[in-house]
Amino acid sequence: MERVIFHCDCNSFFASVELLHYPQLRDVPVAVCGDPTSRHGVILAKNEAAKRFGVQTAETVYAACRKCPDLHLLRPHHEEYRRMSRVINAIYARYTDLVEPFGIDESWLDMTGSWHLFGQSPAEVADALRDTVRIETGLTISVGVSFNKVFAKLGSDYRKPDATTVIFPEDVERIVHPLPVEALLYVGKSVCRTLHAMGIRTIGQAAHAEEEALSAALGKAGRQLSRYARGLEDSPVRPAGQAREIKTVGNGMTFRRDLTAPEEIRAGLQALSDEVASRLREKGLYASAVQVVIKDPAFHSISRQAPLNAPTCVGRELAEAALELVRKSTGFRTPIRMLTVTAMQLTDTPDSAQLSMFEPPGKAQREKRERLERSMDAIRQKYGKHAIASADVLKNDIGLRGLEIQQGDEEI
Numbered sequence: 295m296e297r298v299i300f301h302c303d304c305n306s307f308f309a310s311v312e313l314l315h316y317p318q319l320r321d322v323p324v325a326v327c328g329d330p331t332s333r334h335g336v337i338l339a340k341n342e343a344a345k346r347f348g349v350q351t352a353e354t355v356y357a358a359c360r361k362c363p364d365l366h367l368l369r370p371h372h373e374e375y376r377r378m379s380r381v382i383n384a385i386y387a388r389y390t391d392l393v394e395p396f397g398i399d400e401s402w403l404d405m406t407g408s409w410h411l412f413g414q415s416p417a418e419v420a421d422a423l424r425d426t427v428r429i430e431t432g433l434t435i436s437v438g439v440s441f442n443k444v445f446a447k448l449g450s451d452y453r454k455p456d457a458t459t460v461i462f463p464e465d466v467e468r469i470v471h472p473l474p475v476e477a478l479l480y481v482g483k484s485v486c487r488t489l490h491a492m493g494i495r496t497i498g499q500a501a502h503a504e505e506e507a508l509s510a511a512l513g514k515a516g517r518q519l520s521r522y523a524r525g526l527e528d529s530p531v532r533p534a535g536q537a538r539e540i541k542t543v544g545n546g547m548t549f550r551r552d553l554t555a556p557e558e559i560r561a562g563l564q565a566l567s568d569e570v571a572s573r574l575r576e577k578g579l580y581a582s583a584v585q586v587v588i589k590d591p592a593f594h595s596i597s598r599q600a601p602l603n604a605p606t607c608v609g610r611e612l613a614e615a616a617l618e619l620v621r622k623s624t625g626f627r628t629p630i631r632m633l634t635v636t637a638m639q640l641t642d643t644p645d646s647a648q649l650s651m652f653e654p655p656g657k658a659q660r661e662k663r664e665r666l667e668r669s670m671d672a673i674r675q676k677y678g679k680h681a682i683a684s685a686d687v688l689k690n691d692i693g694l695r696g697l698e699i700q701q702g703d704e705e706i
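Rendered as structure tokens:
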């Protein structure tokens, strides 16, 4: 039996939720952003009217307002977005028990065994689902219908807003192959540059490329790309409560001003590493490597990673390794706008990389530090996130206490 997978994507989700409370702004350019008076204010979402002016997600408020001087700026209400996401996913759950959220505003639905209960064709069921969401919530969704998750997502992106696109095997050459290769899931700017250098600009060209050539250029990602382009992706739709293997745990922060002094960089890395380490401990994981992404005021990025001496969930060790990566990359001579710290090569065994029969140097100290940081976890859980922190995190003017940290865990 051929699978039937829906990918449902809420259209301009944050902006659309805000406009439920401001219907008078529905036909004018609107964007949801952080503090408009702050340097780190960026566009989180925009409505269709703002898109027509070229306003883009993740660009600065300043840049967006230059494109669209009459842009109406609204502050975000994240708890309301989470509530509406739960409401919409509850609607999806009426159609199938196999619903996998992909972020707050997207979900995959495995409709293979249930679509025939709701209509004469998968497309008819998708249209009915769009109508139900619009009537019950006031929001619109776009739905991609396909035989795997990757092409279903391509379908939901193909026509917006409030549309259904069907991509079954007989539609692939007509719809999928002409699309730019960056439309494929997980094809970012770096991968795209490599593919363009190989003369690969469309999904069709990627589908017909030699898998070995893609693998040689991109490593493991090249084989995955080849499978995706050829429609061979077959991963299951996993319900939200189903356990997943965590691949990385990371945090990023844009600072209230550029960091120039080593002690400021150390404080920023310590705050990020503390957050990462806390989540590692919560998940019962240890990092065997750390990655740092450095972004300067001109938005140029440097990414570096290095193995650790031993697996750890101690924030201080992650911060020290991250600081060394920054030192080697910039020499502390380049102003820093944003930093990201990511724990990689995760394991659930702290001694998994220790092959010696003797206790490694520093093991006792690491265990003592881990006990201390676990005690800090307990204090924060009881009294709040900012109840306790290191002095360099508390005493700064770069926004470490008040600034919201962007978290990201990558799952397999």
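Residue numbers (my numbering): 295 to 706.
The beta-carbon is built from N, C-alpha and C at its ideal position, and this holds for glycine as well.
Is there contact here, the segment 305-322 with the segment 401-415, by at least three beta-carbon pairs under 8 Å?
Output reads no: the segment 401-415 does not touch the segment 305-322.
Taking only runs that begin and end inside the segment 370-410, name each unbroken beta strand (DSSP E) of 3 or more residues, in chain order.
DSSP runs (the beta strand (DSSP E)) wholly in the segment 370-410: 393-395, 400-404.
Mark GLU504 as exposed unless 16 or more other C-beta atoms lie within 10 angstroms of its C-beta, in which case mark it buried.
By the neighbour-count rule (16 or more Cβ atoms within 10 Å), GLU504 is not buried but exposed.
Assign LYS443 to one of two classes, buried (16 or more other C-beta atoms within 10 Å of its C-beta) or exposed (fewer than that).
The residue in question, LYS443, is buried, as its Cβ has 16 or more Cβ neighbours within 10 Å.
Just list the beta strand (DSSP E) runs in the segment 404-475, keeping only unbroken ones of 3 residues or longer that don't cross its boundaries, in chain order.
435-440, 458-461, all fully within the segment 404-475.
Which residue marks the beginning of the beta strand (DSSP E) containing VAL324, and which one marks its end?
Residues 324-327.
When you compare the CB positions of ASP456 and THR434, do they come within less than 7 Å of one another, or not?
Between ASP456 and THR434, the C-beta spacing is below 7 Å.
What residues in its chain sit with their C-beta under 6 Å from that of TYR452, if we drop five residues either side in the sequence?
Apart from sequence neighbours up to five positions away, the residues of its chain that approach TYR452 with a beta-carbon distance below 6 Å are THR459, ordered along the chain.
In whole angstroms, give me the CA-to-CA distance for PRO363 and THR354.
Roughly 14 Å between the two C-alpha positions.
Here's the rule: buried if 16 or more other CB atoms are within 10 angstroms of the residue's CB, otherwise exposed. What is HIS301?
With 16 or more Cβ atoms within 10 Å of its Cβ, HIS301 is classed as buried.
Where LEU563 and ASN603 are concerned, what is the direct C-alpha to C-alpha distance, given to the nearest angstrom?
Those two C-alpha atoms are separated by around 19 Å.
Span of the alpha helix (DSSP H), counted from its first residue to its last, around ARG550
Here ARG550 belongs to no alpha helix (DSSP H); instead the beta strand (DSSP E) covers 540-553.
Report the partner residues of LEU368 according to the DSSP bridge assignment.
Answer is VAL326, bridged to LEU368.
Have a look at GLU464 and LEU479 and give me their C-alpha separation to the nearest angstrom.
Straight across, the Cα-Cα distance linking GLU464 with LEU479 is about 21 Å.
Reference THR542; option with closest CA among VAL437, LEU579, VAL381, ASP399
Relative to the Cα of THR542, the nearest Cα in the group VAL437, LEU579, VAL381, ASP399 belongs to LEU579.
According to DSSP, ASP303 sits in a beta bridge with which residue or residues?
Bridge pairing for ASP303: GLU400, SER436 [DSSP].
How big is the Cα-Cα spacing for THR634 and GLN350?
Cα to Cα, the separation comes out at about 22 Å.
Can you tell me whether GLN585 is helix, strand or coil according to DSSP?
Here GLN585 sits in strand by DSSP.
As assigned by DSSP and simplified to three states, the class of ILE494:
ILE494: coil per DSSP, three-state reduction.
I need the straight-line Cα distance from PRO654 to ARG665, nearest angstrom please.
Confidence in PRO654 is poor, its pLDDT being 42 and thus under 50, which makes the residue's placement unreliable; the coordinate value appears in the next sentence. In a straight line, the C-alpha of PRO654 is about 18 Å away from that of ARG665.
Pick out whichever of VAL481, ARG369, ALA637, THR426 has its Cα sitting closest to the Cα of SER582.
That would be ALA637, whose Cα lies nearest to the Cα of SER582.
Quick one: Cα of ILE337 to Cα of ALA358, how far?
Cα to Cα, the separation comes out at about 8 Å.
Give the range of the alpha helix (DSSP H) segment to which ARG320 is assigned.
Here ARG320 belongs to no alpha helix (DSSP H), and DSSP marks it neither H nor E.
What's the call for PHE307, buried or exposed, on a 16-neighbour Cβ count within 10 Å?
With 16 or more other Cβ atoms within 10 Å, it is buried.
Does the pairing of the segment 542-553 with the segment 520-532 give three or more beta-carbon distances under 8 Å?
The way I'd put it, the segment 542-553 doesn't touch the segment 520-532; fewer than three beta-carbon pairs between them come closer than 8 Å.
Suppose you measure from the CA of GLN599 to the CA of LYS589; what does that come to, to the nearest Å?
Straight-line spacing of the CA atoms in GLN599 and LYS589 works out to 15 Å.
Would you say VAL584 reaches chain D, if we count a Cβ-Cβ gap shorter than 7 Å as a contact?
Of the chains in the structure shown, none is chain D; there is only one protein chain.
Where THR624 falls: helix, strand or coil (DSSP)
Note: THR624 maps to helix in three-state DSSP.
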